[in-house]
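Quick look at the structure:
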């Protein structure tokens, strides 16, 4: 029988990319939409796992959003993400799932972290306040995986793993004007400024630096880490610090990013940076050397990825 793999959040940008790549392999992909399965409902999640008995699980489901969304709906971000990951991880364990991959967020690291951020910086300082609720939920997911490994790893053969991606973008992204992340928000803003022949207004000074990874590269890294044998994985991480960073390997200022998107969109108007608006931490750059030493590296350049993302945005407008 083919391996049965459940991808939670298959309709999202990350989950759909994982499904596209898994579809190239000889596996049975198991999915459920939010309408079919409410992941915040413990009973329904438990029944689903009992009925379907997946062999492996990717957790790409969760409530996500940018600075504005996180600041406006902190209770929703904390509650929904805690419930989703807790229900899935516990149901997976109770139904014999040996391998699971939890996808976290680089916001788990302290806001004043040394750059680039290594995995061992987790819980060494205060978080960025604008998305603290979301970050706490993601930290809990990582620690839940570690706790199940500590308590049941030997006795039940568990290997529940966590990865920390840098800022993501790409096919299937959310381009909502208020609830999107940096690149999709800027793609929409630049496009609309071009169409309406207006000045492009960008939040912040433009000096903050960020690292960006195309979503298909993250999906590739997710499957790569899931497929590592237990010995290789356990030798690469610490039992109390088992997450692995997944980054692009370089960062850039928001100003440079805006200019790059403007060129791709063919926007020739003026650009104004509003320093009165928040821009988050000044730099967020992951140290991905652990993953690189294991043999994985990204393949999609930022320019190529931005072109694909803009084409995806235009398709969504149709």
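Numbering (my numbering), first residue to last: 1 to 318. Ideal Cβ positions, reconstructed from N, Cα and C, are used throughout, including at glycine. Because the structure is a prediction, the values reported are computed rather than measured.
Assuming residue i contacts residue j (C-beta within less than 8 Å), just tell me the rounded distance between them.
i	j	result
residue 255	residue 207	7 Å
residue 45	residue 91	5 Å
residue 113	residue 123	Actually they do not touch by this definition, with Cβ atoms about 11 Å apart.
residue 221	residue 21	Not a contact, Cβ separation roughly 10 Å.
residue 159	residue 233	6 Å
Check whether the Cβ atoms of residue i and residue j sit closer than 8 Å, and answer yes or no.
i	j	result
residue 104	residue 60	no
residue 3	residue 30	no
residue 100	residue 63	no
residue 50	residue 95	yes
residue 309	residue 178	no
residue 212	residue 248	yes
residue 243	residue 142	yes
residue 73	residue 152	no
residue 154	residue 241	no
To which residues of the same chain is residue i closer than 8 Å at the C-beta, ignoring the five residues directly before and after it?
i	result
residue 117	106, 109, 245, 284, 285, 286, 287
residue 239	146, 149, 150
residue 215	13, 14, 17, 168, 169, 170, 171, 172, 173
residue 258	186, 190, 200, 202, 206, 271
residue 307	264
residue 37	44, 45, 48
residue 269	193, 194, 197, 198, 199, 200
Quick one: residues in its chain with C-beta nearer than 7 Å to the C-beta of residue i, no 5 flanking neighbours on either side, listed in chain order?
i	result
residue 280	67, 128, 130, 208
residue 82	137, 140
residue 236	290, 294
residue 267	190, 193, 194, 200
residue 299	217
residue 318	none
residue 27	2, 3, 5
residue 111	126, 127, 128, 281
Report the rounded CA-to-CA distance for residue i versus residue j, giving the unit in angstroms.
i	j	result
residue 204	residue 182	12 Å
residue 253	residue 210	6 Å
residue 165	residue 23	22 Å
residue 157	residue 135	29 Å
residue 85	residue 198	43 Å
residue 314	residue 260	17 Å
residue 132	residue 56	30 Å
residue 312	residue 276	31 Å
residue 77	residue 230	32 Å
residue 305	residue 80	30 Å
residue 32	residue 303	33 Å
residue 273	residue 262	14 Å
residue 41	residue 196	44 Å
residue 71	residue 65	10 Å
Tell me the DSSP secondary structure of residue i in three-state form.
i	result
residue 197	coil
residue 8	strand
residue 339	For residue 339 there is no data in the structure shown, the boundaries of the chain being 1 and 318.
residue 134	helix
residue 253	strand
residue 154	helix
residue 117	strand
residue 56	strand
residue 288	coil
residue 99	strand
residue 298	coil
residue 17	helix
residue 30	strand
residue 245	strand
residue 160	strand
Could you tell me if the beta carbon of residue i falls within a distance shorter than 7 Å of some heavy atom in the ligand NAP?
i	result
residue 311	The ligand NAP is not among the ligands present in this structure, which contains no ligands whatsoever.
Take residue i and list the residues in its own chain whose beta-carbon comes closer than 6 Å to its own, dropping the five residues that flank it on each side.
i	result
residue 58	7, 18, 101
residue 115	283, 285
So, does the CB of residue i fall closer than 8 Å to a CB anywhere in chain B?
i	result
residue 212	Protein chains in the displayed structure number just one, and chain B is not present.
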